[in-house]
Amino acid sequence: MPDTPAAVPVEAETRTRKVKFTQQMEDDLLLSIRERGRGFKLTVAILGSIVLWAVFAYIYQLRNGMGVTGLNRPVYWGVYICNFVFFIGISHAGTLISAILRMCNAEWRRPITRSAEVITVMVLFFGVLNVVFDLGRPDRALNIVTSAQFSSPLLWDVTSITVYFLSSTTYLYLPLIPDIAILRDRFPKARWFYGPLALGWSGTDKQKHRLEKLIGIMAIIVLPVAVSVHTVVSWVFAMTVQPLWHSTIFGPYFVVGAIFSGIAALIIAMALLRKAYKLENYLKQVHFDYLGRLLLVMTALWFYFTFAEHLTAYYGGEPAHMAVLMEKVTGRYAPMFWTMVVCCFIIPMALLTRSKTRNVKGTVIASITITIGMWLERFTIVVPTLVNPRLPYQRGLYTPSWVEWSMLAGCMAMFILMYVLFTKIFPIISIWEVKEGIEEGSDDTYDRVVSYLPGPEGKGTEAGGA
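Under this note's numbering, read the sequence shown as residues 2 to 467, first letter to last.
Structure, rendered in structure tokens:
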């Protein structure tokens, strides 16, 4: 049917608005790369100081041995292994959320996928690094290569994490290519850096088709890899006969906990980026609302698995298991255990079940408590079991030393520092994906996209959903 005279001006006006809108968006998102003000320098200085203190603590540990930590007999794993499980868990946020939302073609995913994917790649590094800290002698890490035996769950761990890191890095890099090409063209002085990374991207239809196909393939690949990684991490514990470790529920329990803590970390990162780079017009209430709903579901799942694990141990009544259970519930580690319950269940449920408090502030508060609670969960899984060994050894006692707390602080600071530096090199919001949703989508897609993006049309309402 031919266009009516009235329809032609409307379509032309819509196209004009789209062009202005996308150009303004590109300028806004590149502004964070151009600016390096006092706040950025102060942040780098503070984080760098914490990292340097952690380096000093590690050198002190290398010179004086593992005796400077709180590790002892029978407690041979402590804060370092808790950090390992914690960081590997957080890494699930980017891959799973981004891949699932891409496969579902959820329009509201576009501004948040990259910030999630960056978390995955960077946090994996610190998870592995804590295993090296725990070895005492870093050179012994090579034994897993020179004396590899697949009868050991530790080798499964190394293999799965390596595959996960390579696939996640590829999954992060592929959607970066069009934005790197934008940086190559907008910053001629940095062409020597961005040019090779752009791989000759010119935005042709053929290149776009290939890129979208590769991203789709990687989204399918990384999902089972991500699930397998934390399952294998849980098997490092579950394949032993230690009380409250030797459990078939550990696989799904660890995966749920990983996704749970990962979503919380993503929400915190989004809130900091939103505040620091004035991205309120791009990371809107609708994103925090939808992620808050997902976090609410994971809160219920986490509580279910935690309740099932401890209820089974209680009704079993086996003395070795009961000793560990009572140590957690009423013993020396009870304050940590019940703080974990409050942080991971009571506070999130109170904040996320009501739409009034499931806003930016409410979801961030819930995410902070969840992050604290999930680290405590790792601690109460690792330490109480080792303090109460199955074999007839004397019961142990473990108190982390200043060295271990320094290494934890250093890892956190280094992760934040690397994340901040990434945002000064690459756009933290995918420019081409947001533009694609506006320029190449249907009118319906455009309406849904602008409903949570800035501009005269953008309302930031619940209409920005998938």
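Cβ coordinates follow ideal geometry from the N, Cα and C atoms, glycine included.
Where does the unbroken alpha helix (DSSP H) through glutamate 378 begin, and where does it stop?
Along the sequence shown, read from residue 1 onward, the residue named residue 378 stands at position 377. Looking at the DSSP string, the run of the alpha helix (DSSP H) that includes glutamate 378 is 361-388.
Exposure label - histidine 210; buried when at least 16 CB within 10 Å
Reading the sequence shown from its first residue, position 209 is the one you call residue 210. Histidine 210 should be labelled exposed.
Inter-residue spacing [alpha-carbon to alpha-carbon] between alanine 367 and alanine 265:
Counted from its first residue, the sequence shown places residue 367 at position 366. Counted from its first residue, the sequence shown places residue 265 at position 264. So the two alpha carbons sit approximately 8 Å from each other.
Smallest Cα separation from isoleucine 181: which of Ala239, Asn144, Asn106 and Ser203?
The residue labelled residue 181 in the question sits at position 180 within the sequence shown. Considering only alpha carbons, the answer is Ser203.
With 16 as the cutoff for other CB atoms within 10 Å, does cysteine 105 come out buried or exposed?
Position 104 of the sequence shown, counted from the start, is the residue given in the question as residue 105. Exposed: under 16 other Cβ atoms inside 10 Å.
Alpha carbon to alpha carbon, how far is valine 52 from threonine 23? Give it in angstroms, no decimals.
Position 22 of the sequence shown, counted from the start, is the residue given in the question as residue 23. Position 51 of the sequence shown, counted from the start, is the residue given in the question as residue 52. Each residue's Cα considered, the two are about 39 Å apart.
If contact is defined by three or more beta carbon pairs under 8 Å, each pair taking one atom from either stretch, is the region 280-291 in contact with the region 216-235?
no
Using a Cβ-Cβ cut-off of 6 Å (strictly less than) and excluding sequence neighbours within five positions of glycine 128, which residues of its own chain qualify?
Looking up residue 128 in the sequence shown gives position 127. Only Phe85, Phe88 and Ile89 meet the Cβ criterion.
So for methionine 240, helix, strand or coil by DSSP?
Here residue 240 refers to the residue found at position 239 when the sequence shown is read from its first residue. In the structure shown, methionine 240 sits in coil (DSSP, three-state: anything other than H, G, I, E or B).
Report the start-end ranges of each alpha helix (DSSP H) in the region 244-316 that is 4 residues or longer and not cut off at the edges.
251-277
Please report the distance separating the alpha-carbon of alanine 191 from that of isoleucine 178.
For the purposes of this step, residue 191 is taken as the residue at position 190 of the sequence shown. For the purposes of this step, residue 178 is taken as the residue at position 177 of the sequence shown. Those two C-alpha atoms are separated by around 15 Å.
Nearest to tryptophan 157 (by Cα), restricted to the options Ile221, Leu136 and Ser235
As a position in the sequence shown, residue 157 is number 156, starting the count at 1. Out of Ile221, Leu136 and Ser235, Ser235 has the C-alpha closest to the C-alpha of tryptophan 157.
Alpha carbons only, please: which of Leu63, Pro244 and Gly38 is nearest the one belonging to phenylalanine 134?
As a first step, residue 134 must be located in the sequence shown, where it is residue number 133. The shortest C-alpha separation from phenylalanine 134 is found at Leu63.
Taking only the alpha-carbon atoms, compute the straight-line gap between isoleucine 183 and threonine 386 and give it to the nearest angstrom.
Residue mapping note: residue 183 aligns to position 182 of the sequence shown, counting from 1. Residue mapping note: residue 386 aligns to position 385 of the sequence shown, counting from 1. C-alpha separation (whole angstroms): 53 Å.
Spell out whether any CB of chain B is found under 8 Å from the CB atom of threonine 370.
Chain labels in this structure do not include chain B; a single protein chain is all it has.
Quick check on DSSP: helix, strand or coil for isoleucine 426?
Against the sequence shown, residue 426 aligns to sequence position 425. Three-state result, isoleucine 426: coil.
At 4 residues or longer, what runs of the alpha helix (DSSP H) sit wholly inside the region 172-217?
192-199
Any heavy atom of the ligand FMN closer than 7 Å to the beta-carbon of phenylalanine 346?
With respect to the ligand FMN, the structure offers nothing, as it holds no ligand at all.
Which residue wins for smallest C-alpha separation from leucine 212, given the options Ile120, Tyr174 and Val237?
Position 211 of the sequence shown, counting from 1, holds the residue named residue 212. Checked all of Ile120, Tyr174 and Val237; the closest Cα to leucine 212 is Tyr174.
Nearest CA to the CA of glycine 79: which residue from Met419, Ile429, Leu422 and Trp406?
Mapped onto the sequence shown, residue 79 falls at position 78. Checking every option, the nearest Cα to that of glycine 79 belongs to Trp406.
Just to confirm, are leucine 31 and arginine 187 a CB contact at a threshold of 8 Å?
Position 30 of the sequence shown holds residue 31. Position 186 of the sequence shown holds residue 187. In contact: leucine 31 and arginine 187 (Cβ atoms closer than 8 Å).
Among Ala321, Ala55, Leu326 and Leu200, which has the Cα closest to the Cα of threonine 307?
Position 306 of the sequence shown, counting from 1, holds the residue named residue 307. For the residues Ala321, Ala55, Leu326 and Leu200, the minimum Cα distance to threonine 307 belongs to Leu326.
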